[in-house]
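UniProt numbering numbers the first residue of the sequence shown as 1 and each following residue consecutively.
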Amino acid sequence: MSSGSPRVLPAASGIAEAAAVLRTGGLVAFPTETVYGLGANALDARAAARIFEAKARPSFDPLITHLADAADLPGLVGAVPPAVAALVERFWPGPLTLIVDRPAVIPPIVTSGLATMAVRVPDEPSARALIAAAGVPVAAPSANRFGQLSPTRAEHVVAGLGDAVDVVLDGGPTRCGIESTIVDARGVRPVVLRLGALPVEALVEAVGPVDVRPGSSGQPVAPGTLAAHYAPRTPLRVGAAESAPADGGRRGFLAFREPPAAGAWAAVEVLSAEGDLTAAAARLFDALHRLDAAGLTEIVAEPVPDVGVGRAINDRLRRAAATWH
Ligand code: TXA
Ligand code: MG
Numbered sequence: 001m002s003s004g005s006p007r008v009l010p011a012a013s014g015i016a017e018a019a020a021v022l023r024t025g026g027l028v029a030f031p032t033e034t035v036y037g038l039g040a041n042a043l044d045a046r047a048a049a050r051i052f053e054a055k056a057r058p059s060f061d062p063l064i065t066h067l068a069d070a071a072d073l074p075g076l077v078g079a080v081p082p083a084v085a086a087l088v089e090r091f092w093p094g095p096l097t098l099i100v101d102r103p104a105v106i107p108p109i110v111t112s113g114l115a116t117m118a119v120r121v122p123d124e125p126s127a128r129a130l131i132a133a134a135g136v137p138v139a140a141p142s143a144n145r146f147g148q149l150s151p152t153r154a155e156h157v158v159a160g161l162g163d164a165v166d167v168v169l170d171g172g173p174t175r176c177g178i179e180s181t182i183v184d185a186r187g188v189r190p191v192v193l194r195l196g197a198l199p200v201e202a203l204v205e206a207v208g209p210v211d212v213r214p215g216s217s218g219q220p221v222a223p224g225t226l227a228a229h230y231a232p233r234t235p236l237r238v239g240a241a242e243s244a245p246a247d248g249g250r251r252g253f254l255a256f257r258e259p260p261a262a263g264a265w266a267a268v269e270v271l272s273a274e275g276d277l278t279a280a281a282a283r284l285f286d287a288l289h290r291l292d293a294a295g296l297t298e299i300v301a302e303p304v305p306d307v308g309v310g311r312a313i314n315d316r317l318r319r320a321a322a323t324w325h
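This is the structure we're talking about:
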């Protein structure tokens, strides 16, 4: 891990400086509505290579390209299939990543050699202003080291990446708190490759039936769907408060709406006392970062109702647990 600290600039006033860093091949972490991204000029293979280095990310895990405006898509990739265009029209800017053919101007390192490219327009004004000011598409994975918890605050980025990133734009906590939904809508029926902040139900309402196949492929088409991912350093398992063994360790509990009625918990985080799944998603990674910093021997995480964005929350918890079991 890097020892030094990056320059942290307020998102409101640091756009021009951060855009200049992007244009000259540097790395800028910036807030989106989902999680913080680690951005580089997507037209510059060397800049993109620095992302993989900073994250210790395997080269087989492709990046998402971010645009300032949906109107910029045809200029970059040409015509897109009607179903993709319909989703762009309905959900951009927003937490939906779409799969398109990789245009020749995007170097293969960005897509890990795939003939396809993931692309989205974030629904966060400072992110769009940054990309527009840079004047280039911006490749950006989540701004965490590979396999670890995603960052929903600038502090998480600084703690995780240190000065491996040149500039961090601080826009406060992110609104959705969980990554974008990834959809391949090039075929007959759209396929959800990663559950995310845009609920499957919203997709179905807009375009009809979809297939949900996160991680069904042996070859990791979307490694955010690798069985083990999004993991704290503390061993995590999914379970109910009552099922916890009565051993002597310092254990923490991640609750959906109520703290556990009994049990010796050294730390407890409640995602949403109102039982609101959107609010729970917004707090998920922040709560896990806090539990991870509490010197615990184990984190027990309670599953949430498996509807709407709750499906993406449960997906992240399962993958975090898969690292340990
Ligand atoms: O919300 C988000 O999507 C955040 C913010 C920063 O935009 N980004 C993000 O990036 O979550 P990352 O790198 O952590 O996850 C990107 C996912 C990976 O699972 C990757 O495998 C998948 O997108 N992906 C990228 N290109 C792909 C492609 N051509 N086909 C299928 N999956 C792709
Ligand atoms: Mg990620």
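All C-beta atoms in this analysis are idealised placements derived from N, C-alpha and C, irrespective of residue type, glycine included.
Quiz prompt | Cα-Cα separation between D276 and E201, rounded to whole angstroms | solution = Within the sequence shown, residue 276 is the residue found at index 276, counting from 1. Within the sequence shown, residue 201 is the residue found at index 201, counting from 1. One Cα belongs to D276, the other to E201, and the distance between them is close to 16 Å.
Quiz prompt | beta-carbon T32 near the ligand TXA non-hydrogen atom, thresh 6 Å | solution = Residue 32 sits at position 32 when you count from the first residue of the sequence shown. Yes, the beta carbon of T32 sits closer than 6 Å to at least one heavy atom of the ligand TXA.
Self-check item: Residue closest to residue 329, alpha-carbon to alpha-carbon, out of A312, P260 and A231
Solution: Outside the displayed range of the chain (1 to 325) lies residue 329, so it cannot be described from this structure.
Practice problem: Would you check if the distance between the CB atom of R50 and the CB atom of L22 is smaller than 7 Å? | Solution: Residue numbering aside, residue 50 sits at position 50 when the sequence shown is read from its first letter. Residue numbering aside, residue 22 sits at position 22 when the sequence shown is read from its first letter. Taking a C-beta distance under 7 Å as the contact criterion, R50 and L22 do not qualify as a contact pair.
Quiz item: Does the count of Cβ pairs from the region 201-212 and the region 234-242 closer than 8 Å reach three?
Solution: Fewer than three pairs of CB atoms, one per stretch, sit closer than 8 Å, so the region 201-212 makes no contact with the region 234-242.
Quiz item: Considering D184, what are the terminal residues of the beta strand (DSSP E) in which it resides?
Solution: For the purposes of this step, residue 184 is taken as the residue at position 184 of the sequence shown. For D184, the enclosing beta strand (DSSP E) begins and ends at T181 to D184.
Exercise. Flag S180 as yes when its Cβ comes closer than 6 Å to any non-hydrogen atom of the ligand MG, and as no otherwise.
Key: Working through the sequence shown from its first residue, we reach residue 180 at position 180. S180 Cβ: outside cutoff for every heavy atom of the ligand MG.
Self-check item: Cβ neighbours of E33 in the same chain (closer than 7 Å, five flanking residues each side left out)
Solution: Locating residue 33 in the sequence shown gives position 33, where the first residue counts as 1. Once the five neighbours on either side are set aside, the close Cβ partners of E33 are P95, P122, D123, E124, T174, R175 and C176.
Quiz prompt | Range covered by the alpha helix (DSSP H) that runs through I15 | solution = In the sequence shown, counting from the first residue as 1, residue 15 sits at position 15. For I15, the enclosing alpha helix (DSSP H) stretches over residues I15 to R23.
Quiz item: Count the other CB atoms within 10 Å of the CB of P259; is the residue buried (16 or more) or exposed (fewer)?
Solution: Residue mapping note: residue 259 aligns to position 259 of the sequence shown, counting from 1. P259 is exposed by the Cβ-count criterion.
Quiz item: Can you pull the DSSP bridge partners for I64?
Solution: Here residue 64 refers to the residue found at position 64 when the sequence shown is read from its first residue. A118.
Quiz item: Taking the alpha-carbon positions, what's the G162 to R189 distance?
Solution: Here residue 162 is taken as the residue at index 162 of the sequence shown, counted from 1. Here residue 189 is taken as the residue at index 189 of the sequence shown, counted from 1. C-alpha separation (whole angstroms): 42 Å.
Quiz item: Is it the case that the Cβ atoms of G146 and A40 are separated by a distance below 7 Å?
Solution: Counted from its first residue, the sequence shown places residue 146 at position 146. Counted from its first residue, the sequence shown places residue 40 at position 40. In the sequence on display, residue 146 carries Phe and not Gly. No; because the gap between Cβ atoms is not below 7 Å, this pair is not in contact.
Quiz item: Which one of P6, P62 and D292 has the shortest CA to CA distance from A320?
Solution: Position 320 of the sequence shown, counted from the start, is the residue given in the question as residue 320. It is D292 whose Cα lies nearest to the Cα of A320.
Quiz item: Which one of T97, A129 and A322 has the shortest CA to CA distance from I15?
Solution: Position 15 of the sequence shown, counted from the first residue, corresponds to residue 15. Closest option to I15, judged by alpha-carbon separation, among T97, A129 and A322: A129.
Practice problem: Grab the span of the beta strand (DSSP E) containing D101 for me, first residue to last. | Solution: Along the sequence shown, read from residue 1 onward, the residue named residue 101 stands at position 101. Here the beta strand (DSSP E) through D101 covers L96 to D101.
Quiz item: Relative to the alpha-carbon of R290, which residue among L271, G308, P303 and V304 has its alpha-carbon at the smallest distance?
Solution: As a working note, residue 290 is residue 290 in the sequence shown. Among L271, G308, P303 and V304, the Cα nearest to that of R290 is on L271.
Quiz item: Cα-Cα, which of V88, A48 and V100 is closest to residue 350?
Solution: The structure shown does not extend to residue 350, since the chain is modelled only from 1 to 325, so the question has no answer here.
Self-check item: Neighbourhood of S13 by C-beta distance below 8 Å, restricted to the same chain and skipping five residues each side
Solution: Within the sequence shown, the letter at position 13 stands for residue 13. The answer is none, since no qualifying residue turns up.
Quiz item: From this set, T97, D170, D286 and V304, which residue's C-alpha is nearest Q148's C-alpha?
Solution: To locate residue 148, count along the sequence shown from 1; it is residue 148. When only C-alpha atoms are compared, the closest one is D286.
Quiz item: Do you know how far the Cα of A139 is from the Cα of R46?
Solution: The residue given as residue 46 occupies position 46 in the sequence shown. The residue given as residue 139 occupies position 139 in the sequence shown. Using only the alpha carbons, I get a separation of about 12 Å.
Exercise. Assign G218 to buried or exposed, taking buried as 16 or more other Cβ atoms, counted over all protein chains shown, within 10 Å of its Cβ.
Key: Translated into the one-based positions of the sequence shown, residue 218 becomes position 218. Any reading at G218 must be qualified, since the residue scores a pLDDT of 36, below 50, and its modelled position is unreliable; the value itself is stated next. G218 should be labelled exposed.
Self-check item: Span of the alpha helix (DSSP H) around R311
Solution: Working through the sequence shown from its first residue, we reach residue 311 at position 311. Start and end: G310 to A322.
Quiz item: Which two residues bound the contiguous beta strand (DSSP E) that contains L198?
Solution: Residue numbering aside, residue 198 sits at position 198 when the sequence shown is read from its first letter. In the DSSP annotation of this structure, L198 is not part of any beta strand (DSSP E), being labelled neither H nor E.
Practice problem: Taking only the alpha-carbon atoms, compute the straight-line gap between A273 and F256 and give it to the nearest angstrom. | Solution: Counted from its first residue, the sequence shown places residue 273 at position 273. Counted from its first residue, the sequence shown places residue 256 at position 256. Approximately 7 Å, taken between the alpha carbons.
Quiz item: Are the CB atoms of V105 and M117 nearer to each other than 7 Å?
Solution: Position 105 of the sequence shown, counting from 1, holds the residue named residue 105. Position 117 of the sequence shown, counting from 1, holds the residue named residue 117. No, Cβ-Cβ distance for V105 and M117 is not below 7 Å.
Self-check item: Bridge partners - V270, DSSP secondary structure assignment
Solution: Along the sequence shown, one-based indexing puts residue 270 at 270. Bridge pairing for V270: A255 [DSSP].
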